[in-house]
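Chemist: Below is the structure I would like to discuss, written out as structure tokens.
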Amino acid sequence: MEQSLLFSRLTLALACAGITSTAAAAGFQLSEQSVTSLGRAHAGAGIMGDDLSAAFYNPAGMLLNKGTSVQAGIVAASVRPEYEGSAYGKAGVARGDVLEWIPNGFMVHEISPDLRLGLSMTAPFGLATDYDDKWIGNQAGISSSIKTVDINPSIGWQATPWLALGAGVSAQYANASLKQGIPGVLLGEVKAKGWAWGYNLGAMVSLSDSTRLGLAYRSKIDHKTDGFLDYTGGLIPGGHKHESAKADVTVPEYITLSAMHEINPQWTVSGIVRWTNWSRLKSIDVVSQSGGGLSLENNWGDSWYYGVGADYRHNDQWTFRGGLAHETTPVKSAEYRNPLIPDSDRGWVSLGASWKVNKQSQLDFSYSHLFAMGDSKTTYKGLNGEFSVVADLIGVQYQYQF
């Protein structure tokens, strides 16, 4: 019984850890809020003016959008983790394969030449991992799914001819589930959900007609989650137990610095540096209905994202782009690298294109390949091996200007 109670608290803690955050960025932070931005590995995010994603990335960048426009897109993320090594005295290879969909929606309205209103609906955090129920490391984790929706109204203001400022408020909903095995227990599953609030700020400086800099900040968000635990097995009276539990977790703040320069009417280059304060996630404290408690140590560090990109305007209808990026992992020690978040440093290779269908409509396409770099070893909960994660992202997006 004590084992099952420990299992229940641990699984809820891991599920809530997912809420605080993807399969496609460091930790479980999602970067794929824009298909256009994805095509250049997010270089110049929020200040390029070629779609409406500034409403999320940097609300000051909405001053680049004229009139009233709407945008909707989706990214298909295929994530394939692999583990090779031993677990609990058994050696082997285990593979996961998950396909997740990351949607986005935006609207920007020009109130006056110096004022914009924006609205974004995105999925800024997420996680999807799925192994076979009987894989050798099932006691460390079998599957997890975290889905978030962030609703972010914002405003942008042209303060001076060279400086634009922006701000917004986020209402964020998270829903998570996790499955895990344990000796004497067939399997268990936990679900947790909740709403939380945050804010974002942005500034854009126009150094010239062809050069811009952007600085954006998204606040930490305090999630207060409620969950239910379901687990079955021989150690549990009646073979099944269901109880409620709670956990308070904080999503880290992050800062993004973007730059772009138009070399000539055909070529534009861009860059990005992003810092995320994952070191805030040292531990997660969980309290179950039965009164027990657990402090799950993560001991993560901060993560950094560096990217460069280029756009080539072929003609009035077609623009092509590409980008490269390197992202560091917040997981600094093998003992905290678990199979549900098998994170390591990663590289990005991205390609994209935009087709101006007519004066009002535009279609955007992108493809990104992500691959693990550097140390990916683990000694987490009886594991002794190495993870390898590969991901492919394909996105399509539609823009319409009224």
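With mature numbering (1 follows the signal peptide of the UniProt record, and there is no 0) as the guide, the letters of the sequence shown map in order to residues -25 to -1, 1 to 377.
Note that the Cβ used here is the ideal one computed from N, Cα and C, for glycine as well.
(1) In chain order, which alpha helix (DSSP H) runs of at least 4 residues are fully inside the segment 44 to 74?
(2) Considering only the beta carbon of each residue, do V54 and V365 sit closer than 9 Å?
(3) With a 10 Å radius around its C-beta and 16 neighbouring C-beta atoms as the bar for buried, classify L102 as buried or exposed.
(4) Spell out the partners DSSP gives H236 in its beta bridges.
(5) DSSP three-state call for L144: helix, strand or coil?
(6) Roughly how many angstroms separate the alpha carbons of V45 and Y375, rounded to a whole number?
(7) Counting only the same chain and skipping the five closest in sequence on each side, list residues whose C-beta sits under 6 Å from that of W253.
(8) Do you know how far the Cα of D318 is from the Cα of S118?
(9) Excluding sequence positions up to five away, which residues of its chain have a Cβ less than 6 Å from the Cβ of E57?
(10) Could you tell me if W323 is buried or exposed, where buried requires 16 or more neighbouring beta carbons within 10 angstroms of its beta carbon?
(11) By Cβ distance, which residues of its chain are closer than 6 Å to S120, with the 5 residues on each side in sequence left out?
(12) Tell me which same chain residues have a C-beta within less than 8 Å of the C-beta of K257, skipping the five on either side of it?
(13) What does DSSP give as the partner residues of S325 in its beta bridges?
(14) Please tell me whether L27 and S87 are closer than 9 Å, where the distance is taken between their beta carbons.
(15) Name the two residues that bound the continuous beta strand (DSSP E) containing Y287.
(16) Could you check where the beta strand (DSSP E) with L358 kicks off and where it finishes?
(17) Taking the straight line between their C-alpha atoms, what separation do you get for A134 and G141?
(18) Can we say the segment 282 to 296 touches the segment 12 to 20, given the rule of at least three CB pairs closer than 8 Å?
(19) Excluding sequence positions up to five away, which residues of its chain have a Cβ less than 6 Å from the Cβ of I369?
(20) When the Cα atoms are used, what is the spatial distance from D105 to L315?
(21) If you draw a straight line from the C-alpha of A66 to the C-alpha of P99, how long is it?
(22) By the DSSP assignment, the alpha helix (DSSP H) with T11 in it spans what residues?
(23) Whose C-alpha, out of M235, H289, T200 and S329, is nearest the C-alpha of S219?
(24) Under a Cβ-count criterion, where at least 16 other Cβ atoms within 10 Å of its own Cβ denotes burial, should N175 be classed as buried or exposed?
(25) Output needed for H301: all residues of its chain with C-beta closer than 8 Å, excluding positions within five of it in sequence on either side, in chain order.
(26) For the putative contact between L358 and G169, defined by C-beta atoms under 8 Å, what is the C-beta separation to the nearest angstrom?
(27) So what does DSSP say about F3, is it helix, strand or coil?
(28) Around the C-beta of P34, are 16 or more other C-beta atoms found within 10 angstroms, so that it is buried, or is it exposed?
(29) Once the 5 residues before and after A29 are set aside, which same chain residues still bring their CB inside 6 Å of it?
(30) Classify T186: buried if its beta carbon has 16 or more other beta carbons within 10 angstroms, exposed otherwise.
(31) In the structure shown, what three-state DSSP assignment does S319 receive?
(32) On a Cα-Cα basis, can you pick out the residue from K352, G131 and A146 that is closest to A139?
(33) As a quick exercise: from R249, Y148 and Q292, pick the residue whose alpha carbon is nearest that of V334.
(34) Check the C-beta distance from L190 over to L182 and give it rounded, since I have them as a contact under 8 Å.
(35) Skipping 5 residues on each side, what residues in its chain have a beta carbon closer than 8 Å to that of L90?
Modeler: Short version:
(1) Here no run is fully enclosed.
(2) For the 9 Å CB-CB criterion, V54 and V365 form a contact.
(3) Result: buried.
(4) In the DSSP output, where bridge partners are listed per residue, H236 has T186 and V244.
(5) It should be noted that the sequence gives Val, not Leu, for residue 144. Residue state, collapsed to three classes: strand.
(6) Their backbone Cα atoms lie some 5 Å apart in a straight line.
(7) Excluding the 5 residues flanking it on each side, W253 has same chain C-beta neighbours closer than 6 Å at G2, P227, W275, D277, S278 and P305, in chain order.
(8) Answer to the nearest angstrom: the Cα atoms are 15 Å apart.
(9) Taken in chain order, the residues that qualify are R70 and S363.
(10) The residue in question, W323, is buried, as its Cβ has 16 or more Cβ neighbours within 10 Å.
(11) A103 and S152, listed in sequence order.
(12) Listed in chain order, the non-local C-beta contacts of K257 below 8 Å within the same chain comprise E272, N273, N274 and W275, local neighbours out to five positions each way being set aside.
(13) Per DSSP, G298 and S343.
(14) No, these two residues do not count as a Cβ contact at 9 Å.
(15) Membership of Y287 in the beta strand (DSSP E) is indicated by the continuous run S278 to R288.
(16) Counting along the chain, the beta strand (DSSP E) containing L358 begins and ends at L358 to Q376.
(17) So the two alpha carbons sit approximately 10 Å from each other.
(18) Touching, yes, given that three or more Cβ pairs across the two stretches are closer than 8 Å.
(19) So the qualifying residues of the chain are A51 and Y342.
(20) Distance between the alpha carbons of D105 and L315 is about 8 Å.
(21) The straight-line gap from Cα to Cα measures roughly 36 Å.
(22) According to the DSSP assignment, T11 belongs to the alpha helix (DSSP H) that extends over V10 to L13.
(23) Answer by Cα proximity: T200.
(24) Counting the other CB atoms within 10 Å of its CB gives N175 a total of 16 or more, which places it among the buried residues.
(25) Excluding five sequence positions before and after H301, the CB atoms of its chain that fall closer than 8 Å to its own CB belong to Y280, Y281, G282, D320, R321, G322, W323 and M348, given in chain order.
(26) 30 Å between Cβ atoms; not a contact.
(27) The answer is coil: DSSP assigns F3 none of H, G, I, E or B.
(28) Residue environment for P34: buried (at least 16 other C-beta atoms within 10 angstroms of its C-beta).
(29) The answer, listed in chain order, is G21, G36 and M37.
(30) T186 comes out exposed.
(31) In the structure shown, S319 sits in coil (DSSP, three-state: anything other than H, G, I, E or B).
(32) The alpha carbon of A139 has as its nearest neighbour, out of K352, G131 and A146, the alpha carbon of G131.
(33) Correcting the residue type first, residue 334 is Lys in the shown sequence and not Val. The option with the nearest alpha carbon to K334 is Q292.
(34) L190 to L182, Cβ: 13 Å. No contact.
(35) Shown here for L90: same chain residues with a beta carbon closer than 8 Å to its own, the five before and five after excluded, namely I130, G131, W132 and Q133 in chain order.
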